[in-house]
Amino acid sequence: MKWWENPKVSVVWTVVRVWLGLQWIEGGWHKINDGFDASGFLQGALAKAGGDHPAVQGWYAGFLEGFAVPNIELFNVLVPWGEFLVGVGLITGLATIPALIAGAFMNLNFLMAGTVSTNPILFTAAIILLFAGKGAYNYGGDRWLIPYMKGHFFKNKHKHEPKKAVVY
224 MKWWENPKVS VVWTVVRVWL GLQWIEGGWH KINDGFDASG FLQGALAKAG GDHPAVQGWY
284 AGFLEGFAVP NIELFNVLVP WGEFLVGVGL ITGLATIPAL IAGAFMNLNF LMAGTVSTNP
344 ILFTAAIILL FAGKGAYNYG GDRWLIPYMK GHFFKNKHKH EPKKAVVY
């Protein structure tokens with residue numbers, strides 16, 4: 224067993240994972256309840272793409288202008304619900320790795336859009352937990368779900384192989 228997967232060390236990863244989940248669930252919950260419109264955020268990001276020292280790279284501004292802005296209704300749903308579901312996954316320890324990847328991806332996109340805030344801290348916590356591997360969900364639902372899923376989907380792996388003929 225690797226040191227970072229040790230049950231005693233997993234307590235630390237669990238505290239970090241739940242803390243990170245609370246950050247996501249709080250942000251998503253406020254956006255869901257208060258209403259969320261990404262238009263202002265995207266326009267602000269596009270404004271940061273100009274000047275001598277742009278905070279937003281040109282290629283990313285092109286993505287925002289060509290895809291995100293025309294599909295604002297989609298982003299108005301994906302962002303709050305994505306944040307909320309990442310939080311639920313991290314707090315419960317269910318689908319921990321996908322939740323960490325999704326959260327890190329959102330943080331990276333917020334950073335590329337020129338918003339620093341808590342994004343570097345949340346991104347770093349997600350990356351550390353990804354490296355912790357199964358130590359990150361040792362105290363969570365994935366501890367039981369992943370072995371069950373592996374057993375369920377891979378139990379018949381060798382069942383359908385043809386038996387070798389016995390020659391006498």
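Numbers in this note's numbering are just positions in the sequence shown, counted from 1, shifted up by 223. Yeah, the Cβ is synthetic: ideal placement off N, Cα and C, and Gly gets one too.
Per DSSP, reduced to three states, the secondary structure at Ser233 is helical. Within the stretch 353-377, the complete alpha helix (DSSP H) segments of 4 residues or longer fall at 365-377, listed in chain order.
Excluding the 5 residues flanking it on each side, Trp304 has same chain C-beta neighbours closer than 8 Å at Gly251, Ile255, in chain order. Only buried fits Gln246, as 16 or more other CB atoms lie within 10 angstroms of its CB.
According to the DSSP assignment, Glu296 belongs to the alpha helix (DSSP H) that extends over 295-315. Going by DSSP, Leu323 is part of the alpha helix (DSSP H) stretching over 319-335. A check of alpha carbon separations from Val241 across Lys225, Pro293, Ser262, Gly310 identifies Gly310 as the nearest.
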